[in-house]
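Note that the protein sequences, when read in sequence, are chains A and B.
So for the first sequence, the working numbering puts the first residue at 1; every next one is plus one.
So for the second sequence, the working numbering puts the first residue at 1; every next one is plus one.
Note that CB positions come from ideal geometry on N, CA and C, so glycine has one too.
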Amino acid sequence: MEFDHKTITEFAEELKQVPFFEEYTPVNLLKKIPFFDGVEEKLLKETSEMATLLSFKPGEVVFKQGDYGDTFYIMLGGSVEVSVKTRQNPRLVLATLPAGAFFGELGPLTDDFRSATITTAENTTLLELPRNLFLTLFKKSPQIKERIDAVYRERTLSTHLRRVGIFSELPDDVIEVLMDKVKLVNFNKDDEIIKEGDDGSSLFIVRSGFVKISVMKDGEDTTLAYLKDGNYFGEMAVIKGEKRTATVTAMTRVSAVALMGEDFKELLEQFPGIREKIEATIKAREKEAKELADDQNKKKLLKITGEHGLVQSDNMLAMDMTLCIRCNLCIRACAYTHDRYPRLERWGIKFGRAVIPTSCTHCNTPDCLLCVHGGISRDPKGEVYFTDFCINCGACVKRCPYGNILYSAPYPEYTTTKIIEKVKKILLKDIKIKEDKKKRAKPPKKFHKREGDVRVVKCDMCLGRAFIACIYHCPTNAMKLVDPEDLLELAR
Amino acid sequence: MPLRDLRIYQGEPSRKEIIGWPATGIALALGIPVVYLILIPESLKGGDTWLGILLGSYALFFMVVAFLYSWRRARPRFKLDKLSNWLYAHIWLGISAIGIVLVHSDFQFEFGLATWAFITFVLSALSGAVGMFIFKYLPPSISGESETYLTPEEVMKEMDEVVKGIEKLLKTLKAPEDEDEAKKAAQEIAERERKLEALKVHLESEWRQQAPLEAWLYFHIPVSVLAFVLCVAHAASIFYYH
Chain A
1 MEFDHKTITE FAEELKQVPF FEEYTPVNLL KKIPFFDGVE EKLLKETSEM ATLLSFKPGE
61 VVFKQGDYGD TFYIMLGGSV EVSVKTRQNP RLVLATLPAG AFFGELGPLT DDFRSATITT
121 AENTTLLELP RNLFLTLFKK SPQIKERIDA VYRERTLSTH LRRVGIFSEL PDDVIEVLMD
181 KVKLVNFNKD DEIIKEGDDG SSLFIVRSGF VKISVMKDGE DTTLAYLKDG NYFGEMAVIK
241 GEKRTATVTA MTRVSAVALM GEDFKELLEQ FPGIREKIEA TIKAREKEAK ELADDQNKKK
301 LLKITGEHGL VQSDNMLAMD MTLCIRCNLC IRACAYTHDR YPRLERWGIK FGRAVIPTSC
361 THCNTPDCLL CVHGGISRDP KGEVYFTDFC INCGACVKRC PYGNILYSAP YPEYTTTKII
421 EKVKKILLKD IKIKEDKKKR AKPPKKFHKR EGDVRVVKCD MCLGRAFIAC IYHCPTNAMK
481 LVDPEDLLEL AR
Chain B
1 MPLRDLRIYQ GEPSRKEIIG WPATGIALAL GIPVVYLILI PESLKGGDTW LGILLGSYAL
61 FFMVVAFLYS WRRARPRFKL DKLSNWLYAH IWLGISAIGI VLVHSDFQFE FGLATWAFIT
121 FVLSALSGAV GMFIFKYLPP SISGESETYL TPEEVMKEMD EVVKGIEKLL KTLKAPEDED
181 EAKKAAQEIA ERERKLEALK VHLESEWRQQ APLEAWLYFH IPVSVLAFVL CVAHAASIFY
241 YH
């Protein structure tokens, strides 16, 4: 049966048409699902209006490992396979979930990318909960929180440890033993995780977020590197038995796995292969630190990418100022591609001949996703965009630490378009055009009217379009899409 | 494959731009005259033969395509090819049209509409070459060493903010609570005035440096329009003569 994204409310309305099924109100339908046992009716009513039913055929992928997603799923029927991609195995099946189970909780809870691939094993029906609904239920329903917490740790660790390079080759039984010994730890932005000169007793593996590795040199805090998910730090002090050689600070909200020194040493004795890999990493890091001492450009690049959040982005816009002819066609193209509201401002931080214009860097852990209205969401490929739930309140403008969400005034309409619209009004004034009825009701919207028709906007890298307008419309190829690491090359 | 992965346009010049259009332009501009001089018999030479008219039509067609660049530039929603490809087509088809016109006229010029059309077209091409030179060599020299880059519009916005700050402080200065407050306000006003002066100098310097990037267009565009009008008039005049 195809459900075509119907909400429970809509489904119940259809059922009511059959006289014998009149008693099936939306709330009663949800009460039949074990996941909602004991949940209060007010929350169930909200769920019935926002959660949607989905149907999948066998072999279909619900979501892929590595995609960004913020929806939660409850299995109403059928079964799914949970698999991960490892170095040895492109599809290692970790578990099969039956009807009544749930998955996808890590996305909305951590804003992290999906840690596994979910594929249907047979005809499957799912109930999809959007992020803001799931977080409301998680916060307000103790029963749901308990159910989620019970599986969170086990699922998080088993999939995450497999993704980390040094542990990916370990046998399953060793991973299970390791899961009992590690601790899940969370840090807020700017927290000091380890401090240079302190005693070191544990190794940390970054699960999500970014950390900055820095040392004090000649009274100056010098950044050595940034590490993101899948990387580890703290190994030098544990292996060599020395004091901490660097300070590690959380650049964003960071979730990490901590492994105590004794357990880690035991693991190294059991698996000498891991010891060799770690020693190779230590040598490489020491070499990088020495090279960095002489490379002023690289030091400056690290400072800029950290301070302005560029380290979080995989791709970002950069302008080559030796090619830019200041024609502003990039901004014009952005404006006319987005209903006359440009998202790009052609000014920003400068690095050599490159300028990073004010545009969204689609952070790995975006602060703007904390929007309480669900006005900002993330595409599976990681692009952050405004949704229909945005009410133009501007809270995200203040929340973005890099000033990349803007108030934008509209560009004037094309003169020819104005003329065409006037002619249309005169010719078609007696003809009423009927609008198609939408199948699903839109969420209620209280649009905050701003002075001068200004709107809150951000760059969405032209999501859904075949090309990025500012790059496509630059006559001298000055506007480019670069990896932060390529910025050094561009700046020379 | 997701739509985004098909987007190969990441800001690097394409092969069409680096090789395709230059090769096409040079081949047409030089190749056609060489072929004309070596291979074409005398009976077919001249602007009023069928070959001459055909070549004239090609030249006019290339001019129309080159002219379309300004239309494309004003249409960001138009999807057919990157703007930089259109610019290369504009440059190289325009240059090749000169070679074709020389051949169309059999390298002979008399005082009249046709010659004026050719002269204005060559002037348009030469001013375009000046523009290319300016676009190539001016931006690197005005990039500057500052930590941030501000457009003139942003500089003006900042100046507005500074002026608003000064106005607020002047109100405080008119009715200060005590002497210290007045002194502090006066010092801040002096500082902001210095900042305003620095911004003004920066703005003037930016405008002066960036002016050539637009100035050449005040010659190139009118001359190109005139050339186009004269070429169309010349093309229409053959119906009058024939």
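Taking 8 Å as the CB-CB cut-off, is residue i touching chain B?
i               : result
T337 of chain A : yes
R473 of chain A : The amino acid at residue 473 of chain A is misidentified as Arg; the sequence shows His. Judged by the 8 Å Cβ criterion, H473 of chain A is in contact with chain B.
K212 of chain A : no
I506 of chain A : Any question about residue 506 of chain A goes unanswered here, given that chain A covers just 1 to 492.
V456 of chain A : no
I8 of chain A   : no
M479 of chain A : yes
G348 of chain A : yes
R340 of chain A : no
R332 of chain A : yes
L329 of chain A : yes
T117 of chain A : no
E13 of chain A  : no
D4 of chain A   : no
A469 of chain A : yes
To the nearest angstrom, how far is the alpha carbon of residue i from that of residue j?
i               : j               : result
D320 of chain A : D180 of chain B : 49 Å
R4 of chain B   : K45 of chain B  : Legend: pLDDT at R4 of chain B = 38, less than 50; position of this residue unreliable, no value from coordinates given.
T252 of chain A : S96 of chain B  : 56 Å
L329 of chain A : E383 of chain A : 24 Å
S359 of chain A : V162 of chain B : 25 Å
A150 of chain A : A284 of chain A : 40 Å
T86 of chain A  : F167 of chain A : 10 Å
T245 of chain A : T222 of chain A : 13 Å
I426 of chain A : P410 of chain A : 25 Å
G56 of chain B  : R340 of chain A : 42 Å
R494 of chain A : T136 of chain A : Within the shown structure, residues of chain A are numbered from 1 to 492, placing residue 494 of chain A beyond reach of any answer.
V257 of chain A : M179 of chain A : 10 Å
I19 of chain B  : L268 of chain A : 56 Å
K31 of chain A  : S55 of chain A  : 20 Å
K212 of chain A : W216 of chain B : 49 Å
S48 of chain A  : S79 of chain A  : 23 Å
K437 of chain A : I134 of chain B : In this prediction, K437 of chain A scores a pLDDT of 41, lower than 50, which makes its location untrustworthy; no coordinate-derived value is stated.
L87 of chain B  : Y69 of chain B  : 7 Å
M479 of chain A : R72 of chain B  : 18 Å
D67 of chain A  : T52 of chain A  : 20 Å
L173 of chain B : D191 of chain A : 44 Å
Is the CB of residue i under 8 Å away from at least one CB in chain A?
i               : result
Y218 of chain B : no
R15 of chain B  : no
L3 of chain B   : Legend: pLDDT at L3 of chain B = 34, less than 50; position of this residue unreliable, no value from coordinates given.
P76 of chain B  : yes
G250 of chain B : Here chain B covers residues 1 to 242 and nothing more, so residue 250 of chain B does not appear.
E158 of chain B : no
Under 8 Å by Cβ, that's how I've got residue i and residue j pegged, so tell me the actual separation to the nearest angstrom.
i               : j               : result
A333 of chain A : C470 of chain A : 6 Å
A457 of chain A : S408 of chain A : Here the sequence assigns Val to residue 457 of chain A, which means Ala is not the residue at that position. With 8 Å as the limit, V457 of chain A and S408 of chain A qualify as a contact, their Cβ atoms being about 4 Å apart.
L203 of chain A : G234 of chain A : 5 Å
A227 of chain B : F121 of chain B : 4 Å
Indicate the three-state DSSP secondary structure (helix, strand or coil) for residue i in the structure shown.
i               : result
Y91 of chain A  : Residue identity check: residue 91 of chain A is Arg in the sequence provided, not Tyr. R91 of chain A: coil per DSSP, three-state reduction.
E161 of chain B : helix
E10 of chain A  : helix
V454 of chain A : coil
R244 of chain A : coil
K438 of chain A : Residue confidence is low: K438 of chain A scores 41 on pLDDT, short of 50, so the model does not pin down where it sits. Its coordinate-derived value is still stated next. Three-state DSSP puts K438 of chain A in coil, outside helix and strand.
G348 of chain A : strand
M179 of chain A : helix
A354 of chain A : strand
F21 of chain A  : helix
G77 of chain A  : strand
E128 of chain A : strand
T223 of chain A : strand
>> Please identify, using Cβ separations under 9 Å, the residues of the stretch 285-303 of chain A that lie next to chain B, in order along the chain.
In response: Flagged: no residues at all.
> Residues in the stretch 186-219 of chain B with C-beta within 8 Å of chain A's C-beta atoms, listed in sequence order?
Replying inline: Q210, L213
> Using Cβ-Cβ distances below 7 Å, what residues of the stretch 81-97 of chain B are close to chain D?
Replying inline: The structure shown has no chain D; the protein chains it does contain are A and B.
> Closer than 8 Å, Cβ to any Cβ of chain B: which residues of the stretch 36-56 of chain A, in chain order?
Replying inline: Correct list: empty, as no residue qualifies.
> In chain order, what residues of the stretch 234-248 of chain A put their CB closer than 9 Å to some CB of chain B?
Replying inline: Residues of the stretch 234-248 of chain A whose Cβ lies closer than 9 Å to any Cβ of chain B: none.
> Of the residues that make up the stretch 76-98 of chain A, which ones have a beta carbon closer than 8 Å to any beta carbon in chain B?
Replying inline: none
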